[in-house]
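All remarks here apply to the structure that follows.
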Amino acid sequence: MRAIVMTGVGGPEVLVPSETPRPTAGAGELVVRAEAVPVLYPEAAIRAGTFPPPAEPPFVFGFQAAGTVVETGPDVDPGFVGCRVAVATNGSGAYAEYVVAPAAPATPIPDGVDTAIAAAVLMSGSVATALFDTAAPTGDETVLVEAAATGVGAYLTQYAARRGARVIATAGGPAKAAQARKLGAAEVIDHNDPAWTDRLRDVLGAVTLDVVFDSIGGPATPALLDLMTPVRGRMLAYGFLSGGPAPITATDLINRGLTLIGCAGPAWLGKVASHRAQVLYEVAAGTLEPLLDTTMPLDQAAHAHELIERRAAFGTIVLLPNHT
Numbered sequence: 001m002r003a004i005v006m007t008g009v010g011g012p013e014v015l016v017p018s019e020t021p022r023p024t025a026g027a028g029e030l031v032v033r034a035e036a037v038p039v040l041y042p043e044a045a046i047r048a049g050t051f052p053p054p055a056e057p058p059f060v061f062g063f064q065a066a067g068t069v070v071e072t073g074p075d076v077d078p079g080f081v082g083c084r085v086a087v088a089t090n091g092s093g094a095y096a097e098y099v100v101a102p103a104a105p106a107t108p109i110p111d112g113v114d115t116a117i118a119a120a121v122l123m124s125g126s127v128a129t130a131l132f133d134t135a136a137p138t139g140d141e142t143v144l145v146e147a148a149a150t151g152v153g154a155y156l157t158q159y160a161a162r163r164g165a166r167v168i169a170t171a172g173g174p175a176k177a178a179q180a181r182k183l184g185a186a187e188v189i190d191h192n193d194p195a196w197t198d199r200l201r202d203v204l205g206a207v208t209l210d211v212v213f214d215s216i217g218g219p220a221t222p223a224l225l226d227l228m229t230p231v232r233g234r235m236l237a238y239g240f241l242s243g244g245p246a247p248i249t250a251t252d253l254i255n256r257g258l259t260l261i262g263c264a265g266p267a268w269l270g271k272v273a274s275h276r277a278q279v280l281y282e283v284a285a286g287t288l289e290p291l292l293d294t295t296m297p298l299d300q301a302a303h304a305h306e307l308i309e310r311r312a313a314f315g316t317i318v319l320l321p322n323h324t
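Residue numbers (UniProt numbering): 1 to 324.
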């Protein structure tokens, strides 16, 4: 079968189209004939060496895929065969024509939801739903969503605006600022400006931030603490677009009466997985706008990673295996 192999740590060129053996289902697993494979920002970070890879290269790359079940292993209901599902691998193997994955967390794709749309929305949407559920902002609170035009931030913006919260967003450049406003942000600040936190202070005036969804991290984040609501202000840290976490100490939080929630680790990933079905249901119901930037053939995975690294995409890029 055709697959994309990560040959080493480095630039997008390490993702090489190759012929590899078709996988078989082991105990508790199923095999999906992949029809749509999302390209995810964490994958780009792993490929580049920012985070450790799940295996020693070379290996078939990729976290998630969507398609039709063609095989089930022992202890898996054979009734899965023929069903459309979205799956998450154990860390590798998704950039391929056929994907083996654990059966238990497989998420059925509702009728009326295109397979590519399901692939595009599943990861970012389920992370956003888990974050929103954890923060539980109310309609009278002010929320900051960083990187609000695409990915997780775009879905957080939709959820918070729908709840009635005042959403202040950050985005990179005019086009993405326009998209953030379209999704429900009341004000948008360009986070490419080194002084964006000063601009945020001006926008807030006497108001404070009740919830901060922090996907940027890095040295700018501590400046947000003095703009947050004492006692009930909560920051949810779930990304490091700046290249590293925010340098915040317990003293910083205690002196201001703030809460920092780290959204990572096995328990957090379990919570994210539990929201996958909800996200696809909301897409089917028309209450959540999915953001699919473009589709391209599986063999163009390296080009897709180039676009991700340049922040050129306005939604998820989805790879389409070319079954023959």
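Note that beta-carbon positions come from the ideal geometry of N, C-alpha and C, so glycine has one too.
| query | result |
| --- | --- |
| Length-filtered (3 minimum) beta strand (DSSP E) runs lying within the stretch 181-263 | 187-190, 211-214, 234-237, 259-262 |
| Span separating the alpha-carbon of P222 from that of G265 | 23 Å |
| P52 burial status per 10 Å Cβ neighbour count (16 or more: buried) | exposed |
| For S124, the first and last residue of its enclosing alpha helix (DSSP H) | 115-135 |
| Own chain, CB closer than 6 Å to L144, minus 5 neighbours either side, in chain order | I168, L209, V212 |
| Cα-Cα separation, L156 to A195 | 24 Å |
| Host alpha helix (DSSP H) of R162 (start-end) | 151-163 |
| Alpha-carbon to alpha-carbon, D226 and P108 | 44 Å |
| Secondary structure of D299, DSSP reduced to three states | helix |
| Under the three-state DSSP convention, the category P108 falls into | strand |
| Whole-angstrom distance between L131 and F59, CA atom to CA atom | 31 Å |
| Buried versus exposed call for G217 [16 or more other C-beta atoms within 10 Å across all chains shown] | buried |
| Three-way DSSP call (helix, strand, coil) for A290 in this model | The question names Ala, but residue 290 is Pro in the sequence shown. Of the three classes helix, strand and coil, the one that applies to P290 here is coil, per DSSP. |
| G270, enclosing alpha helix (DSSP H) - first and last residue | 266-273 |
| Cβ-based burial, T150 [other Cβ within 10 Å; buried from 16] | buried |
| Distance CB(D214)-CB(L236) smaller than 9 Å | yes |
| Alpha helix (DSSP H) segment containing P17, residue limits | Note, P17: premise wrong, no alpha helix (DSSP H); beta strand (DSSP E) at 15-19. |
| Host alpha helix (DSSP H) of M44 (start-end) | A small fix is needed here, since residue 44 is Ala in this sequence, not Met. Segment 41-48, the alpha helix (DSSP H) holding A44. |
| With 16 other Cβ atoms within 10 Å as the buried cut-off, status of R310 | exposed |
| Where H191 falls, given that 16 or more other Cβ within 10 Å makes a residue buried | buried |
| Outcome for K182 when other beta-carbon atoms lying within 10 angstroms are tallied against a minimum of 16 | exposed |
| Cutoff 6 Å; reference V231; Cβ partners in own chain excluding five residues on either side | G257 |
| The stretch 117-128 / the stretch 277-293 touching (three or more Cβ pairs under 8 Å) | yes |
| Status (buried if at least 16 other CB within 10 Å, exposed otherwise) for V207 | exposed |
| Limits of the unbroken alpha helix (DSSP H) element including V318 | It is not in any alpha helix (DSSP H) - V318 instead sits in the beta strand (DSSP E) that spans 316-320. |
| Whole-angstrom distance between L307 and R22, CA atom to CA atom | 29 Å |
| Extent of the continuous alpha helix (DSSP H) run through E282 | 276-285 |
| Check whether A180 and V188 have beta carbons under 9 Å apart | yes |
| CA-to-CA distance, R84 to D114, given in whole angstroms | 10 Å |
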